[in-house]
Amino acid sequence: MKNIRIWIVTSVFICIVVFIPFFSYYKFPISGIEIGRDGDFKRYNFPGNGKEDDPYRIENKKISKGRKGIRIYHTTKHVIIQNCIIQGAGIGIRLNYLVSGRIHIINCTIMNCGRAFSIDWVLEGVKIEGNEVISNDWSGIILDTQNTVISQNNFQDNFVGLKILSFDGQEMYNFCIENNTIRNSPINGFFLRDTVNVTIRNNYFLNSSLNLDDSYNWFSDDVFSEKDVIETFKVENNYVNDKPLGFFFDLNNFDFVEKFGQLFFFDCSNITILDQDLRNVERGIFAGKCNNISTIDTFFDYSLQYYTFWRSGIYFYQSSNISFYNVTFIEGYQNSVKYVNCYSIYIMDCNFYKTIRSCISFIGSSQGEVIGNIFEIAEDVELFSDYSDLGTFIVENNTVIYF
Numbered sequence: 002m003k004n005i006r007i008w009i010v011t012s013v014f015i016c017i018v019v020f021i022p023f024f025s026y027y028k029f030p031i032s033g034i035e036i037g038r039d040g041d042f043k044r045y046n047f048p049g050n051g052k053e054d055d056p057y058r059i060e061n062k063k064i065s066k067g068r069k070g071i072r073i074y075h076t077t078k079h080v081i082i083q084n085c086i087i088q089g090a091g092i093g094i095r096l097n098y099l100v101s102g103r104i105h106i107i108n109c110t111i112m113n114c115g116r117a118f119s120i121d122w123v124l125e126g127v128k129i130e131g132n133e134v135i136s137n138d139w140s141g142i143i144l145d146t147q148n149t150v151i152s153q154n155n156f157q158d159n160f161v162g163l164k165i166l167s168f169d170g171q172e173m174y175n176f177c178i179e180n181n182t183i184r185n186s187p188i189n190g191f192f193l194r195d196t197v198n199v200t201i202r203n204n205y206f207l208n209s210s211l212n213l214d215d216s217y218n219w220f221s222d223d224v225f226s227e228k229d230v231i232e233t234f235k236v237e238n239n240y241v242n243d244k245p246l247g248f249f250f251d252l253n254n255f256d257f258v259e260k261f262g263q264l265f266f267f268d269c270s271n272i273t274i275l276d277q278d279l280r281n282v283e284r285g286i287f288a289g290k291c292n293n294i295s296t297i298d299t300f301f302d303y304s305l306q307y308y309t310f311w312r313s314g315i316y317f318y319q320s321s322n323i324s325f326y327n328v329t330f331i332e333g334y335q336n337s338v339k340y341v342n343c344y345s346i347y348i349m350d351c352n353f354y355k356t357i358r359s360c361i362s363f364i365g366s367s368q369g370e371v372i373g374n375i376f377e378i379a380e381d382v383e384l385f386s387d388y389s390d391l392g393t394f395i396v397e398n399n400t401v402i403y404f
């Protein structure tokens, strides 16, 4: 009997010192954490005191029950959220209305949620670093705040990787987005609107891309009297589908023969784009305030993308003397080519295959020629949309095939 008691005591001791710590590294699955005032940090008994040198630490939690993840709002403390796993929540981590206190989210895994992160009005900013953001139904991160660093994260199989925009239309400042990997985000890898002073560098996109919002005036003088908004961007050393992402200001008299994965031009002139293969990106070419740009023998294929209202191969804004020769578009959805306030547009000997909605949009644009093109479209698809002055174009010798 004594030996049995000794065996039982020994077994219990082993469970306490070995097995319980092992299984409790991520604790047991819980249904969510909600902190709506500073006192809630103590109620949850999180370590730290919330000061800059000793922030509260929410760590090693596994949240997989119910639809709540981690929500923090109306607090003033510094917080680290680290080494947590969140699955199946409506929003994995939600931060809003934090009037002071910086938040650092590090080495967490957020997967199979509606949104992985939803962050707004964190006045001192957020650092999101080294996280796995996987298979979330809508977005990896949706962000309406400023003074933010997003680095070394892996975004994979999210509908949208990262979306930064102001819900009230006010400009937001100071973003550093670097060393991230973005795979298979069919709408946008990164989407930006209302942002000023942005660094985007050393990111890798696969079947994903960078997108700047159409409606935002990237050339507004409201923010800087001496600079356009887009001039506050620094975009360097990024790759799209194993090819460089080109982002150019004030470039003149240049022929693009090197292969690129995506191209952006601002205040550029006398540019020739030759023999490019720009597929599986939201926008193959984005250009603003440019003059005399020719695109020749270039290929756009969107067959791996989702059908969305945002998808179009080329976007030109306030530009002139724009030419396309022998360019192929496959499965463009909403406007294979979109012009806004442009003039002198020439589209010749191009092929538009399996266009789902409209082939070419001419918003506020006039003058040009659309000659000798092949349009393979659905029965109810418009060749041209959003036009106000189509009569200034010469449209002739085009072939329309219905599928």
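Sequential numbering from 2 applies to the sequence shown in my numbering. Think of the CB as a built atom: it goes at the ideal place given N, C-alpha and C, for glycine as much as any other residue.
Compute the Euclidean distance between the alpha carbons of residue i and residue j, then round it to the nearest angstrom.
i	j	result
N155	E259	28 Å
N132	S65	17 Å
C343	I87	47 Å
K164	F191	6 Å
S320	Q368	12 Å
Q147	G115	23 Å
I107	F118	13 Å
I201	C351	33 Å
I364	E179	34 Å
Y316	Y45	50 Å
T400	L193	37 Å
D298	F267	22 Å
V371	S324	10 Å
G373	I183	38 Å
N208	N336	19 Å
D243	H75	43 Å
F376	I81	55 Å
N189	V134	15 Å
D145	E397	47 Å
V150	Q83	16 Å
K128	F42	20 Å
E434	F47	Outside the displayed range of the chain (2 to 404) lies residue 434, so it cannot be described from this structure.
S389	I402	25 Å
S221	V123	Residue confidence is low: S221 scores 49 on pLDDT, short of 50, so the model does not pin down where it sits. No coordinate-derived value is stated.
N1	G314	Because the chain is modelled from 2 through 404, residue 1 falls outside the range shown and cannot be assessed.
Y318	Y326	19 Å
K28	C85	Note on K28: pLDDT 49, under 50, position unreliable in the model; no value is reported.
V328	F300	6 Å
S167	M173	7 Å
K62	E380	54 Å
F225	T233	For F225, the predicted model reports a pLDDT of 39, less than 50, meaning its position is unreliable and no value from the coordinates is stated.
G392	F249	33 Å
D302	N97	39 Å
If we count the other Cβ atoms within 10 Å of its Cβ and call it buried at 16 or more, is residue i buried or exposed?
i	result
P22	Confidence is the limiting factor: at P22 the pLDDT is only 41, short of 50, which leaves the residue's position unreliable, though a coordinate-based value still follows. Burial call: exposed.
D169	exposed
I235	Reading the sequence as shown, one finds Lys at residue 235 and not Ile. Flag for K235 reads exposed.
L99	buried
I395	exposed
Q171	exposed
E60	buried
A288	buried
N181	buried
D55	exposed
Since I believe residue j is in contact with residue i (beta carbons under 8 Å), could you give me their beta-carbon distance rounded to a whole number of angstroms?
i	j	result
I111	N137	7 Å
N185	Q157	6 Å
S362	Y340	7 Å
C269	D251	7 Å
Is residue i near the ligand MN, judged by its Cβ being under 8 Å from some heavy atom?
i	result
I297	With respect to the ligand MN, the structure offers nothing, as it holds no ligand at all.
Exercise. Quick one: which unbroken beta strand (DSSP E) runs of 3-plus residues sit fully inside the region 308 to 364? Chain order, please.
Key: Secondary structure remark: continuous beta strand (DSSP E) runs of at least 3 residues inside the region 308 to 364, in chain order: 315 to 318, 321 to 326, 329 to 331, 335 to 341, 344 to 349, 352 to 356, 359 to 364.
Quiz prompt | Cβ contact check for the region 349 to 369 and the region 325 to 334: 3 or more pairs under 8 Å | solution = Taking 8 Å as the limit for Cβ pairs, the verdict is that the region 325 to 334 does touch the region 349 to 369.
Quiz item: Along the chain, which unbroken stretches of the alpha helix (DSSP H) at least 4 residues long are found entirely within the region 55 to 82?
Solution: Whole alpha helix (DSSP H) segments, 4+ residues: zero.
Exercise. Report the residue ranges of all beta strand (DSSP E) runs contained in full by the region 148 to 234; include only those spanning at least 3 residues, in chain order.
Key: Given a length threshold of 3 residues, each whole run of the beta strand (DSSP E) inside the region 148 to 234 is given here in chain order: 149 to 152, 155 to 157, 161 to 165, 173 to 179, 182 to 184, 189 to 193, 196 to 202, 205 to 207, 211 to 213.
Practice problem: Entirely within the region 80 to 141 and at least 3 residues each: give me those beta strand (DSSP E) ranges in chain order. | Solution: Every beta strand (DSSP E) of 3 residues or more that sits fully in the region 80 to 141 is shown, in chain order, as 80 to 83, 86 to 88, 92 to 99, 104 to 107, 110 to 112, 116 to 123, 127 to 130, 133 to 135.
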